[in-house]
Amino acid sequence: MVGENIPPDIGEYGGLNIGVMSELGYTVMKKDSEGNDLDEVDWENTRAVQIRGGHIYINLKGRDKHGIVAPEDKYDLEEQIISDLYRYRDPNTGKRVVNLALRNKDCRIIGLGGKECGDIFFTIEEGYNRLHGDSLTTAQGYYNTSVTPVFIAAGKGIKQNYVTGRTIRQVDVAPTISTLLGVRTTRQCEGAPVYQILEDSL
3 MVGENIPPDI
13 GEYGGLNIGV
23 MSELGYTVMK
33 KDSEGNDLDE
43 VDWENTRAVQ
53 IRGGHIYINL
63 KGRDKHGIVA
73 PEDKYDLEEQ
83 IISDLYRYRD
93 PNTGKRVVNL
103 ALRNKDCRII
113 GLGGKECGDI
123 FFTIEEGYNR
133 LHGDSLTTAQ
143 GYYNTSVTPV
153 FIAAGKGIKQ
163 NYVTGRTIRQ
173 VDVAPTISTL
183 LGVRTTRQCE
193 GAPVYQILED
203 SL
């Protein structure tokens with residue numbers, strides 16, 4: 003845990019995160035006459051930005067309004083950014099800040115990806131996360147908070163006063179309800195019924 007240290011500026015949900023991405027040289031801000039950063043991105047020199055939590059977008063030619071990165075260079079740049087994220091250390095503790103970083107195409111293994119996800123998605127190392135969704139759900143957070151979700155079920159067909167050790171994912175909810183109702187799950191269902199919480203009679 004990082005104690006009273008404020009985590010580095012990366013992974014926040016409140017708009018564009020400049021801190022770490024600027025340190026790494028991917029996001030460049032316009033300067034005033036004295037060389038101080040303005041609240042405006044210098045798109046002509048910015049190769050990538052981090053916004054919306056753990057989403058990083060490449061400033062891609064042909065896709066983005068001010069794109070400067072050629073599509074044929076996108077893969078190598080993603081590799082470089084991911085490597086830099088893993089190498090980045092908190093200046094106060096010397097510890098790694100990012101615990102998982104994936105390309106968009108690889109995000110399917112954690113239930114993300116597609117056009118709603120950045121070109122790169124990352125999560126924050128335990129102890130550096132500030133909010134409920136910027137880290138893996140198993141992590142303890144900044145100031146000893148928890149990002150672990152709670153799943154509670156009650157009613158006909160559900161065991162009473164039972165606690166399961168199974169990790170219940172969001173995609174498991176629909177097939178569990180389908181099983182309780184005795185209806186078929188959809189063909190595209192990725193989850194599985196949480197049999198551990200169901201009464202033996204089902």
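Under the numbering used here, the residues of the sequence shown are numbered 3 to 204, in order.
Note that CB positions come from ideal geometry on N, CA and C, so glycine has one too.
Quick caveat, the model's predicted, so the values are computed rather than measured.
In this structure, the CA atom of VAL196 is about 27 Å from the CA atom of LEU102. Across the set PRO177, LEU200 and LEU183, the C-alpha of PRO177 shows the shortest separation from the C-alpha of ARG189. Pairing VAL71 with PHE124, the inter-Cα distance amounts to about 21 Å. Looking at GLY159, TYR164 and CYS191, the one whose alpha-carbon comes closest to that of ARG171 is CYS191. At a cut-off of 3 residues, the continuous stretches assigned as beta strand (DSSP E) that sit fully inside the region 73–139 are 100–105 and 122–126. Short of 6 Å from the beta carbon of TYR28, and not among the five residues preceding or following it, lie these beta carbons of its own chain, in chain order: ARG49 and ALA50. If you compare the alpha carbons of ARG54, GLY17, ASP34 and ARG98 with that of PRO10, the shortest gap goes to ARG98.
Each of ILE12, ASP174, GLY113 and SER180 was checked against the Cα of ARG54, and the nearest Cα belongs to ILE12.
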